[in-house]
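Report on one structure; see the data block that follows.
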Amino acid sequence: MRKGEKVFFGIAALLTVAALYRVAGPAGEGTPKPPRDYTLWTETAQEGYRLYKSKGCNSCHRVLRMGEIGVAPVLDGEGTRRSEQWLTDYFTDPARLVEGTAHDGSLGPDFRRLGTEERKLLTAFMYSLRSNPGSSNYPVPPQDDGPAGPDNETEQEGQR
Ligand code: HEC
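For the sequence shown, position 29 (counting from the first letter as 1) is numbered 1113 according to the numbering used here, and the numbering increases by one without interruption.
Shown next, in the form of C-alpha cells:
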C-alpha cells in the first residue's frame, strides 16, 4: 500500500467507526430517550417509601412494580399528576379534595390521623414519583391539580 492509500483507508476506517457509533450509540440507541416513569430519590422520598411499605399501602395501590392493580389508583407518576400542595392537603384531609374518599378510614387508612412527620415523608415519596409523556401514567391533558388525567377509575371499571 502506498502512503496516500494508507491515509485514505485510515480515514475511511475512522469514519466508519464514527458512523457505527452514531447509529448503535453507547446505549444501543440513537438519541437517548428519557425514562417514562422515574423517581427523584431524595433522602426524604426514600424514607417515605419505607414508611409506605410498612403501612401496607401496596395492598391496594401499585407503585414501582409492586402492589395490587384494580383496587386503587396506580401511584407511578403521582408527583407529575399532583402538586406537592395537593398531596400535602390530601394527606391532611382527603375528603376536602376527593368526595367520598377511601382515605377517611372507610376503606383505606385514615389520613387525618397521620402524624406531621409521616405526612411529610409520604408526601415526599409521592411527589418523587414522576412520569414523562409517553407513559400511561402521564396526565392527559397535562395538568397539575385537577382530577388525574386518564382516569384510573375508568380503567378499573373495565377490569371488574
Ligand atoms: C384499602 C385500600 C387502600 C389502602 C390500603 C391505601 N389506599 Fe390510597 N387510595 C385508595 C383508594 C380507593 C383511592 C382513590 C381515591 C380516594 O378514595 O380518595 C386512594 C387514593 C390515594 C391517593 C390519591 C391518588 C390520586 O392522585 O388521586 C394517594 C396519594 C394514596 N391513596 C396514598 C396511599 C398511601 C400512602 C397509603 C398507605 C398509607 C394508601 N394510599 C393505602 C385505597 C387505598
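By construction, the Cβ of each residue, glycine as well, lies at the ideal position given by its N, Cα and C atoms. As the structure is a prediction and not an experimental result, all values here were calculated from the model.
Those residues which DSSP pairs with residue i across a bridge
i     : result
Y1122 : R1214
R1146 : G1151
S1190 : Paired residue(s): none; S1190 is not in a bridge.
S1219 : P1217
Any non-hydrogen atom of the ligand FMN closer than 7 Å to residue i Cβ
i     : result
L1206 : The ligand FMN is absent from the structure shown, which contains only the ligand HEC.
Whole-Å CB distance - residue i paired with residue j, under 8 Å assumed
i     : j     : result
T1123 : L1213 : 6 Å
L1135 : L1205 : 5 Å
G1132 : S1215 : Actually they do not touch by this definition, with Cβ atoms about 18 Å apart.
P1223 : T1164 : 7 Å
Given residue i as reference, the closest of the options once Cα atoms are compared
i     : options                    : result
T1128 : R1086, F1209, G1163, P1217 : F1209
Y1211 : R1149, R1203, F1092        : R1203
T1200 : D1194, T1176, S1167, I1095 : T1176
L1159 : F1093, C1141, G1094        : C1141
R1149 : G1218, R1086, R1196, D1121 : D1121
P1157 : H1145, A1097, G1151, S1167 : H1145
Beta-carbon proximity check, residue i vs residue j, cutoff 8 Å
i     : j     : result
L1171 : T1207 : yes
K1139 : P1193 : yes
D1173 : L1181 : yes
P1217 : F1195 : no
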